[in-house]
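Residue numbers (this note's numbering), protein chains in the order written: chain F, 23 to 226; chain B, 928 to 1155.
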Amino acid sequence: MSADASDLSLVRRVQRGDKGAFDALVLKYQHKLVKLVMRYVRNPAEAEDIAQEAFIKAYRALPQFRGDSAFYTWLYRIAINTAKNAVVSRDRSPIEYNVDRSSTDNDESYDMQGRMKDSETPEGLVLTDEIRSTVNAAIDALPEDLRTAIVLRELEGLSYEEIAAAMGCPVGTVRSRIFRAREAIDRRLREVFEGGLGRTEELG
Amino acid sequence: MNEELDSQLSAMFDNELPAAECELLARRLSRDADLKARWGRYAVVGAVIRAERGVALDGTMAGRVSAALSTEPALSLDPAQASRRGSGLSWWQPLAGAGLAAGVAVVSILWLRSQALPGGSHVAVPVLVATRTATFASPSAQGPLQTASATITPDSFVVPPVQQRPMMVVPATELADYVVAHSAFSWPVSRGNLLSSLMVSEPGTSSTPAESEQPVPRVQGNATQNPK
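The structure is reproduced here in structure tokens:
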């Protein structure tokens, strides 16, 4: 089994013209990418913009992606370069915050860094907090073996084989435990997303 | 939703699904909005467990990226092209390599020849003298080559006085071998020109008896007397 078979199968679909497959890659890596970019910029809104730009650059560069390295390694490299360039560009042209908004409607730098992101709005912050508390509560409610499996996977980044060795069970059992843990968490999370605060956008 | 399908989705999210199953599921994932939403929530669960503070969890960035790319043309790299890219070889790379090798060979020969011919067109090195002497001693080469010897100035058959600059000795036979050895990488036309040029400019230095028996036309045409 290829360690990157899942990503590679999505990448190949994108390369053949299936944009919907790229949505899946964005959904999977958006949080990790924003977290990575936040090592270079402290402002979450700016980090989101840089991550978004990195995804768009990655999409445009996908025809050149040969699969020699893992997709996420390649994507991270693009994000780091984008973040470094953004920092250099920002340092060269510092933002003037005391500007007249009406005179800067066409100013891209103002638009990129001065506006408030959806996630920074009170509603966005409430939603993020609610998601976080819901997931944490669902994890706490999990049976011990399911919780251990999902935490070893997501927090420690262990492979199924490594988790199987750590928990003393077959790989198939690990796969089942992680799936059941996710399903239990997802049942509660879906209520949040589909409730009054849910604002997930239709993709694809 | 199908539990087996969801189990596969979870394994695929962790890069733990066999490649053959990934192909089928990736196709479905790219088209099924519900499956994609579930996939996105799996990512949210991971982000929360890793306590990725400051990261928005509402999934709006994916929507923005999708909207930004909606105006982009879809990629159209066919699988065969992708595999060729994967191999890392392009059609021009072997040609470029051969051209480079031929270029290096020509430059090397020109440089070696310039080292071997410091004073002009006369080849006056001990090795060549020995070769010519042996050739002259051969009974089979007495006719035309003796004719040729009569027209060559004696200076070309003696070891010149020691010069200030150290002179490199490059036997013509080795030079010819060098050209032949590198001819596999050179263009046939330039290879032929190079070899013929070498043979014409180095009369009597051919290593094969059959060639040494052939008179050099230019020299033979100038022959005025026969020692016999």
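The beta-carbon is built from N, C-alpha and C at its ideal position, and this holds for glycine as well.
- At least one CB of chain B lies nearer than 8 Å to the CB of F/G42.
- For the region 45-67 of chain F, the residues whose beta carbon sits under 7 Å from a beta carbon of chain B are, in order, D45, A46, V48, L49, K50, Q52, H53, V56, K57, M60, P66.
- When the beta-carbon positions are compared, F/F93 and F/D29 come within less than 8 Å of each other.
- Under the three-state reduction of DSSP, F/Y62 is assigned to coil, being neither helix nor strand.
- Taking all protein chains shown into account, B/W1038 has fewer than 16 neighbouring C-beta atoms within 10 Å of its C-beta and is therefore exposed.
- Interface flag for F/L164 against chain B is unset, since no Cβ pair is found closer than 8 Å.
- Here the C-alpha atom of F/E216 lies approximately 25 Å from the C-alpha atom of F/Q74.
- With contacts defined by Cβ atoms closer than 8 Å, F/R197 and B/A946 do not form a contacting pair.
- Going by DSSP, F/S111 is part of the alpha helix (DSSP H) stretching over 93-114.
- Close to B/I976, with beta-carbon spacing below 8 Å, are these residues of chain F in chain order: V157, I161, I172, V173, E176, L177.
- Between the alpha carbons of F/R99 and B/E931 lies a distance of about 35 Å.
- Its Cα nearest to that of F/E145, the residue B/T987 stands out among B/A960, B/A953, B/T987, B/V975.
- Straight through space, the alpha carbons of F/R61 and B/L962 are spaced by roughly 32 Å.
- Annotated three-state conformation of B/E943 is coil, per DSSP.
- Residue nearest to B/R991 within the set F/E176, F/F77, F/E205 is F/F77 (criterion: CA-CA distance).
- Contacts with chain F at 8 Å (Cβ-Cβ) include B/V982.
- Here the C-alpha atom of F/R64 lies approximately 56 Å from the C-alpha atom of B/A1029.
- The beta carbon of F/T95 sits no closer than 8 Å to any beta carbon of chain B.
- With fewer than 16 other beta carbons inside 10 angstroms of its own, F/N107 counts as exposed.
- F/V193 and F/T150 have their C-alpha atoms spaced approximately 33 Å apart.
- Residue-level contact check: B/N929 does not touch chain F, since none of the beta carbons of chain F fall below 8 Å from its beta carbon.
- Using a C-beta cut-off of 8 Å, the region 161-168 of chain F makes contact with the region 194-213 of chain F, since at least three inter-stretch Cβ pairs fall below that distance.
- Within chain F, no residue has its CB atom less than 8 Å from the CB of B/D961, the nearest being about 10 Å off.
- Contacts between B/W966 and chain F, judged by CB atoms closer than 8 Å, involve A46, L49, K50 in chain order.
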